[in-house]
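Note sheet for the following structure.
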Amino acid sequence: MRGARGPSVPSRVPRHRSSSPSTLGPALGVRSVLTIQPPVDGGRARSVVARAHRRGRSSGSTVLPALQERYDLIDGVRVYSVVAEPDRAERPEGRTVPADVVLVHGLALSTRYLEPGVRRLGTDRRTAALDLPGVGRSGRPPHLPSMAEMADVVARWMDGLGMTRADVVGHSLGCQIVSHLAAERPDLVRRVVLVGPSRDPEHPRWWQSAWRLLLDGPRERWSLLPIAVVDYLRAGPVAAVRALKQARRAEVSHLVQSITQPVLVVVGDRDPLVSGTWARRLVDALPDGRLVTVPGAPHGLPYSSVESFVTTTRDFLDREEP
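Position 9 (the sequence shown) corresponds to 207 in this note's numbering; numbering is contiguous.
Now the structure itself:
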């Protein structure tokens with residue numbers, strides 16, 4: 199597989215508001231309204247949806263779908279997300295609709311670096327990604343949630359989108375959240391993709407992970423830098439360090455034996471945070487796991503090697519059931 203460098207990543211485009219009311223999906227206790235203003239918390243279990251559109255862009259000969267923007271209130275915290283889905287009018291007659299896909303970002307970064315992958319996967323299946331509480335355009339929770347609590351937020355957000363038996367993709371520390379979700383809510387998860395799963399037991403200290411993250415910087419596509427800087431400043435360095443320390447206490451390895459779904463582990467061979475040895479140990483511990491190494495890819499593989507990320511993910515998700 200060739201995955202060192204994908205083509206240029208689409209730049210951000212102007213936002214466009216929807217002109218007619220629409221509900222993205224059913225959910226218990228969820229009310230949908232047409233507004234792009236920040237929703238006001240009106241109750242612990244209520245969610246409010248805001249919709250807008252950002253125009254699709256082309257990738258080679260493929261026209262990428264527009265991003266639909268959405269807000270949900272989960273326990274009073276505003277949760278932002280984006281959704282891309284194919285034009286139903288262009289879907290071939292009789293073709294089976296692929297399962298929905300959910301992407302979960304890594305430490306302190308928002309969905310912005312995942313948007314190129316969301317759009318590309320969204321050409322033939324509904325694909326969504328959320329800003330976890332305290333990150334990006336989502337609100338701040340009253341306390342730093344545990345990985346299990348984050349997984350519960352993702353599950354409730356998926357319920358709001360009407361997702362069942364979706365394919366879930368985690369990147370970096372997002373792999374821990376996805377692993378919790380797959381183990382605890384198998385009714386929601388069909389298949390799992392873990393990209394650059396942190397944390398590697400060979401680097402157990404939080405400052406070791408932070409140092410290796412700095413080493414990774416020059417290996418990434420340069421356009422990732424402004425995204426990372428803005429997102430880290432929004433989250434705050436204290437919150438980022440706390441999340442790293444929390445992740446150190448919540449390894450993926452103790453969860454994987456409980457994951458019964460098929461799992462793909464994807465690592466870049468230039469990723470300084472995730473060693474090939476750790477990736478292989480993780481796969482060996484999975485009841486149904488496989489490993490793909492992307493040549494030339496750094497830790498930010500879903501952005502810096504987006505075409506390889508999308509191709510590898512789609513190939514795994516679309517393979518026939520045994």
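We put the beta carbon where it would ideally sit given N, CA and C, even for glycine.
Residue i versus residue j: straight-line alpha-carbon distance, rounded
| i | j | result |
| --- | --- | --- |
| PRO284 | THR509 | 17 Å |
| ASP513 | PRO339 | 37 Å |
| LEU386 | LEU471 | 29 Å |
| ARG517 | ALA495 | 23 Å |
| ARG323 | ILE457 | 24 Å |
| ARG440 | HIS341 | 11 Å |
| LEU480 | HIS369 | 15 Å |
| ASP357 | HIS497 | 30 Å |
| VAL261 | VAL393 | 26 Å |
| SER396 | LEU484 | 16 Å |
| VAL427 | PRO435 | 11 Å |
| ARG468 | ARG488 | 19 Å |
| LEU268 | ALA326 | According to the sequence as given, residue 268 is Arg; it is not Leu. C-alpha separation (whole angstroms): 10 Å. |
| CYS373 | VAL299 | 15 Å |
| LEU515 | ASP270 | 27 Å |
Proximal residues to residue i (C-beta, below 6 Å), its chain only, five neighbours per side dropped
| i | result |
| --- | --- |
| ILE425 | ARG310, TYR311 |
| ARG388 | ALA297, ARG363, ASP365 |
| ASP391 | It is Val, not Asp, that sits at residue 391 in the sequence shown. So the qualifying residues of the chain are VAL367, LEU462, THR511. |
| ALA346 | HIS378 |
| VAL490 | VAL464, THR510 |
| VAL275 | PRO331, GLY337, PRO339 |
| GLY466 | VAL492, ALA495, PRO496, LEU499 |
| VAL352 | LEU379 |
| MET361 | ASP298 |
| VAL454 | ALA483, LEU484 |
| GLU519 | none |
Reduced DSSP secondary structure (H/G/I, E/B, other) of residue i
| i | result |
| --- | --- |
| SER279 | strand |
| VAL315 | According to the sequence shown, residue 315 is Gly rather than Val. Three-state result, GLY315: helix. |
| LEU515 | helix |
| ASP298 | coil |
| ASP322 | coil |
| VAL508 | helix |
| THR525 | Outside the shown range of the chain (199 to 520) lies residue 525, about which nothing can therefore be said. |
| ALA349 | helix |
| VAL238 | In this prediction, VAL238 has a pLDDT of 36, which is less than 50 and means its spatial position is unreliable; nothing more can be read from the coordinates. |
| ASP329 | coil |
| SER265 | Before going further, note that residue 265 is Leu rather than Ser in the sequence given. Looking at LEU265 - three-state DSSP - the assignment turns out to be strand. |
| LEU359 | coil |
| LEU271 | strand |
C-beta atoms of residue i and residue j nearer than 8 Å
| i | j | result |
| --- | --- | --- |
| VAL277 | SER336 | yes |
| SER308 | ASP329 | yes |
| LEU305 | LEU371 | yes |
| ARG419 | TYR501 | yes |
| VAL280 | GLU313 | yes |
| LEU265 | ARG317 | yes |
| VAL492 | SER473 | no |
| GLY315 | LEU301 | yes |
| VAL333 | ASP429 | yes |
Close beta carbons around residue i, own chain, < 7 Å, minus the five adjacent residues each side
| i | result |
| --- | --- |
| ARG354 | ILE272 |
| ARG417 | ARG468, PRO496 |
| ARG349 | Residue identity differs from the one stated: residue 349 is Ala in this sequence, not Arg. Cβ within range, chain order: ILE375, HIS378, LEU379, GLU382. |
| VAL238 | Annotation note: pLDDT 36 at VAL238 (below 50); position unreliable, coordinate value reported separately. Taken in chain order, the list of residues that qualify is empty. |
Sequence-distant residues of the same chain with beta carbon closer than 8 Å to residue i, five excluded per side
| i | result |
| --- | --- |
| GLN459 | ALA380, PRO384, VAL387, ARG388, ARG389, VAL390, ASP486 |
| SER263 | First, the amino acid is wrong: residue 263 is Pro here, not Ser. For PRO263, where only same-chain residues beyond five positions count, the Cβ hits under 8 Å are GLY254, ALA282, GLU283, PRO284, ASP285, ARG317, GLY320, THR321. |
| ALA477 | PRO395, VAL463, VAL465, LEU489, THR491 |
| ALA437 | ALA306, GLY332, LEU342 |
| SER451 | PRO399, ARG479, LEU480, ALA483 |
8 Å Cβ cutoff, residue i in contact with chain B
| i | result |
| --- | --- |
| PRO485 | No chain B is present in this structure, which holds just one protein chain. |
Q. Unbroken alpha helix (DSSP H) runs of length 4 or more, entirely within the segment 426 to 495: which are they?
A. Those alpha helix (DSSP H) runs which fall completely within the segment 426 to 495 and span 4+ residues are 435 to 446, 474 to 483.
Q | Complete runs of the beta strand (DSSP E) confined to the segment 366 to 398 [at least 3 residues] | A | With a minimum length of 3 residues, the continuous beta strand (DSSP E) runs that stay inside the segment 366 to 398 are 387 to 393.
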